[in-house]
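K.L.:
Sharing a structure below in structure tokens format, with a few things to ask.
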Amino acid sequence: MSENRNNARHRRGRSVLAVGVPVVLTAAGALAYGPDLGLLGAGAQQRAAAATAAAPAWATAVADGFASVDSQGQKGTYGGRDGQVVTVRTQAELEKYATATEPYVIVVAATIDMNPVGKEIKVRSDKTIVGSGTSGHIVGGGFFLGSGVHNVIIRNLTIRDAYQGVWNDKEHDFDAIQMDGAHHVWIDHNDLRHMADGLIDVRKDSTNVTVSWNRMSDDNKAFGIGWTDNVVTDITIHHNWIRETEQRNPSTDNAAHAHLYNNFLEDVAGTDIKSSYGNYSRGKTAMVLENSYFQGVNNPVIKDATATLVQRGNVFSGTSGRNESGGAAFDPKVYYSYALDAASNVPSLLKAGAGPRSSIGASAVSVKAATTLTVAKDGSGQYSTVQAAVNAVPANNASRIVIAVKPGTYRETVKVPANRPHVTIQGTGGSRKDTVIVYNNAAGTPKPDGSGTYGTGGSATVAVEADDFQARNLTVSNDFDEKANQNLSGHQAVALRTAADKVFLDGVIVDGDQDTLLLDTAAKDRLGRVYVANTYVMGNVDFIFGRATAVVDRSVITLKKRWDGSSGGYVTAPSTAANRMGILITDSAVGGDVSASSFYLGRPWHAGGDATLDPQTTVRNTSLGAAVRPTPWTDMSGFSWKDDRFAEYRNTGAGSGSASTDRPQLTDAQAAAQEVADWLGDWTPSAS
182 MSENRNNARH RRGRSVLAVG VPVVLTAAGA LAYGPDLGLL GAGAQQRAAA
232 ATAAAPAWAT AVADGFASVD SQGQKGTYGG RDGQVVTVRT QAELEKYATA
282 TEPYVIVVAA TIDMNPVGKE IKVRSDKTIV GSGTSGHIVG GGFFLGSGVH
332 NVIIRNLTIR DAYQGVWNDK EHDFDAIQMD GAHHVWIDHN DLRHMADGLI
382 DVRKDSTNVT VSWNRMSDDN KAFGIGWTDN VVTDITIHHN WIRETEQRNP
432 STDNAAHAHL YNNFLEDVAG TDIKSSYGNY SRGKTAMVLE NSYFQGVNNP
482 VIKDATATLV QRGNVFSGTS GRNESGGAAF DPKVYYSYAL DAASNVPSLL
532 KAGAGPRSSI GASAVSVKAA TTLTVAKDGS GQYSTVQAAV NAVPANNASR
582 IVIAVKPGTY RETVKVPANR PHVTIQGTGG SRKDTVIVYN NAAGTPKPDG
632 SGTYGTGGSA TVAVEADDFQ ARNLTVSNDF DEKANQNLSG HQAVALRTAA
682 DKVFLDGVIV DGDQDTLLLD TAAKDRLGRV YVANTYVMGN VDFIFGRATA
732 VVDRSVITLK KRWDGSSGGY VTAPSTAANR MGILITDSAV GGDVSASSFY
782 LGRPWHAGGD ATLDPQTTVR NTSLGAAVRP TPWTDMSGFS WKDDRFAEYR
832 NTGAGSGSAS TDRPQLTDAQ AAAQEVADWL GDWTPSAS
């Protein structure tokens, strides 16, 4: 977009992604997505069919929180995604694959009674162990992750009933999940109950652990962390329903960083089980406790004198006894992005959503619902270019088609036309950096056929005109060299253009300079919703722009210097139609290696001088770096930003500021009508 061109409310509430959608972005990057493809079943015939079936989202899901952070040579937690998908129904089968050296996605499709009682299978690295719907039960035993074991996911299982008749059992160390010196572990959507010792034990310097969306109940000791003098454990505990447990809810000893949020601790009145305490910060633990709900719990939050504990946004109902905090602890958003649900909503949210889900680990029938086309530069796929795979999609296809792109750099332009809906382009590497689609057209680049120049929209490396499009685990880039093309008029160079509805950009990198990400609609009177999550967007001038109804959520917006080394630019340039929602940036981070106070958050683009437009950008609950100007909005092409819709709400960081006539802030009531669901309406994005 040129720097000098003259050119109904939806329902309230937060949009909740469907089970299995990754919701993580680490400050260091390198979030891994993308499957090697496989079909459920262990037989030879099923393995032979694997090349033509798409792995479902639950088989390729990756962790959020501290389990997503790169450390110890491990880039995030993605389990057995790179291995074969196998189904097990016996203890022998489960042990065979869980203890193998190769990566596996292991689907537990039956109730497995452990023999002997209390046996904990010694899981090795690079495994996903997932229950098939709600049918995967481990009875009378559990799992053990020893020193050095890493990259393990345990999801959607019921692990239960190792109880030996002694409530505070000191003799039987029969845990549901125990780890001693493991790292990069994700425990998600399980039902853990009635064991002889703890439900979860994270011990002996285990680190980079995330525990999410589990039900933990009917046990003396729910969840212990620590048992070491070393202060190394980094752990995230969110959206867990812990009920009818007496102690360790959790107890966190000498954890370097313990981030607890949106958990529901419940002690039900009139039962035999009485809580002795709730969340406990012990030793030298640094704990941040946010937006959790405590119901009837005795001593709901306690800390040692040597520990630090920061509380914010928690709800306490019918609790009694100690409720403590103190010290500075840490800022979790330094390590990863996350989104908080309102504490008041947590009980109903977790009663509905915690524990095993029927949509995770479903049968092979559901796996066949999507057709997969493979792309590989080396000829090992069905196609050697991404565009060739798009061309192979049948016109007006009625169901999802996944284009699985193997690692490599694909120097090409890609267009997904309007008559190719329901397409997913997904990189299959270990990182979104492994699969790159890149080209270098600019607005002023002459077309090879001599018919003129490309123009801004035509410069896009990837252009999406089809509804229900998804991109995942890859980089889309425009590497047009402005410095080398100073004689060229028109330096706008789009990396990714969308002109469609229900577009989901999930865990990608979109990289360019001027006009990086064009979020448009098929026509001025057409709705075009785009949801950008867990993504990096990089640029300098108007690099998130267009008339779409677009949400940028839990993402990193990186400000880049210009071709001559100078700093200065504009993050957004909305051209929103009247009575539509424009661009919402929420729960994200804005910053970069540029000069302080050099970037505007946005300016109004009245495309073609259209005075009927009503551009909108809202930036809320986002960390703003020092590069953001104290007056973050500015005019464009004779149109005043004050005549349009530009506002902030509860931003933080060196670039944030208080309300003024030059820096409007939403009231709480206004902010309640400008949340993700107000933008997306009846559409809830989910990975497919």
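Each residue of the sequence shown is one higher than the last, beginning at 182 in our numbering.
Where is the CB? At the ideal position from N, CA and C, for every residue including glycine.
Quickly, what does DSSP pair V892 with across the bridge? List them, please.
P.N.:
This structure cannot speak to residue 892, because the chain is shown only from 182 to 869.
K.L.:
Taking its Cβ as the centre, do 16 or more other Cβ atoms sit within 10 Å of T642, making it buried, or is it exposed?
P.N.:
Counting other Cβ atoms within 10 Å of its Cβ, T642 reaches 16 or more and is therefore classed as buried.
K.L.:
Which same chain residues, not among the five before or five after A852, have their C-beta less than 6 Å away from its C-beta?
P.N.:
Y830
K.L.:
DSSP on P627, reduced to helix/strand/coil?
P.N.:
strand
K.L.:
On the criterion of 16 or more Cβ atoms from any shown chain inside 10 Å, does D615 qualify as buried, or is it exposed?
P.N.:
Of the residues assessed, D615 falls on the buried side of the cut-off, its CB having 16 or more other CB atoms within 10 angstroms.
K.L.:
If you reduce the DSSP assignment to three classes, tell me which class D434 lands in.
P.N.:
strand
K.L.:
Please look up how many angstroms separate the CB atoms of V775 and A808, rounded, as I've assumed it's under 8 Å.
P.N.:
5 Å
K.L.:
Taking I582 as the reference, give the member of E593, P588, D372, P602 with the closest Cα.
P.N.:
Minimum Cα distance to I582 is reached at P602.
K.L.:
Between R463 and A439, is the Cβ-Cβ spacing less than 7 Å?
P.N.:
no
K.L.:
Inspect the beta-carbon positions of T697 and G720 and report whether they are closer than 7 Å.
P.N.:
yes
K.L.:
Going straight from the alpha carbon of E856 to that of H419, what length do you get?
P.N.:
21 Å
K.L.:
Between which two residues does the beta strand (DSSP E) containing P755 stretch?
P.N.:
750-755
K.L.:
Alpha carbon to alpha carbon, what distance is there between D734 and L861?
P.N.:
One Cα belongs to L861, the other to D734, and the distance between them is close to 12 Å.
K.L.:
Might you give, ordered along the chain, the residues of its own chain that have their beta carbon closer than 7 Å to the beta carbon of A450, omitting 5 neighbours on each side?
P.N.:
G477
K.L.:
Identify, in the order they occur along the chain, each residue of the same chain with its Cβ nearer than 8 Å to the Cβ of V204, setting aside the five sequence neighbours on each side.
P.N.:
Confidence at V204 is low in this model, with a pLDDT of 29, below 50, so the placement of that residue should be treated as unreliable; the coordinate-derived value is given next. Correct list, in chain order: L198, D245, Y519, A520, A714, N715, R735.
K.L.:
Can you tell me the Cα-Cα spacing of S839 and A731, whole angstroms?
P.N.:
25 Å
K.L.:
Can you give me the Cβ contacts of D434 inside the same chain, cut-off strictly under 7 Å, excluding the 5 residues immediately before and after it?
P.N.:
Result list for D434: I406, G407, W408, R463, G464, T466, in chain order.
K.L.:
By Cβ distance, which residues of its chain are closer than 7 Å to V330, with the 5 residues on each side in sequence left out?
P.N.:
V304, R305, S306, A363
K.L.:
Just checking my contact of H370 with N337 at CB under 8 Å: how many whole Å lie between their CB atoms?
P.N.:
5 Å
K.L.:
By the three-class DSSP mapping on this structure, what secondary structure does Y564 have?
P.N.:
strand
K.L.:
Determine the closest residue to N401 out of K351, D251, D649, with distance taken between C-alpha atoms.
P.N.:
K351
K.L.:
Let me know the secondary structure DSSP gives A576 once reduced to three states.
P.N.:
coil
K.L.:
Would you mind sorting K308 into buried or exposed? The rule is 16 or more other CB atoms within 10 Å of its CB.
P.N.:
buried
K.L.:
Since V482 contacts A510 with CB under 8 Å, what's their CB separation in whole angstroms?
P.N.:
No, V482 and A510 are not in contact; Cβ-Cβ is about 13 Å, not under 8 Å.
K.L.:
In the DSSP assignment, what residue or residues form a beta bridge with R336?
P.N.:
According to DSSP, R336 bridges with V311, D369.
K.L.:
In whole angstroms, give me the CA-to-CA distance for A570 and V556.
P.N.:
7 Å
K.L.:
Between which residues of its own chain and D648 is the CB-CB distance below 6 Å, once the five residues before and five after are set aside?
P.N.:
P602, A681, D682, K683
K.L.:
Leaving out the 5 sequence neighbours to the left and right, which residues in its chain are closer than 8 Å to I541 when beta-carbon positions are compared?
P.N.:
Same-chain partners within the cutoff: V200, G201, W239, V311, G312, G314, R336, N337, H370.
K.L.:
So is S769 buried or exposed if we call it buried at 16+ other beta carbons inside 10 Å?
P.N.:
buried
K.L.:
Helix, strand or coil for F511? Go by DSSP, reduced to three states.
P.N.:
coil
K.L.:
Taking the straight line between their C-alpha atoms, what separation do you get for S432 and K742?
P.N.:
46 Å
K.L.:
Around the C-beta of R728, are 16 or more other C-beta atoms found within 10 angstroms, so that it is buried, or is it exposed?
P.N.:
buried
K.L.:
Between the alpha carbons of I606 and D687, how many angstroms are there, rounded?
P.N.:
11 Å
K.L.:
Check T552 in the structure and name its three-state DSSP category.
P.N.:
If DSSP states are grouped into helix, strand and coil, T552 belongs with the strands.
K.L.:
How many whole angstroms separate the CB atoms of E593 and T566, which I take to be in contact at a CB cut-off of 8 Å?
P.N.:
About 5 Å separates the two Cβ atoms, so the contact holds.
K.L.:
Quick check: I340 and G321, are their CB atoms within less than 7 Å of each other?
P.N.:
No, Cβ-Cβ distance for I340 and G321 is not below 7 Å.
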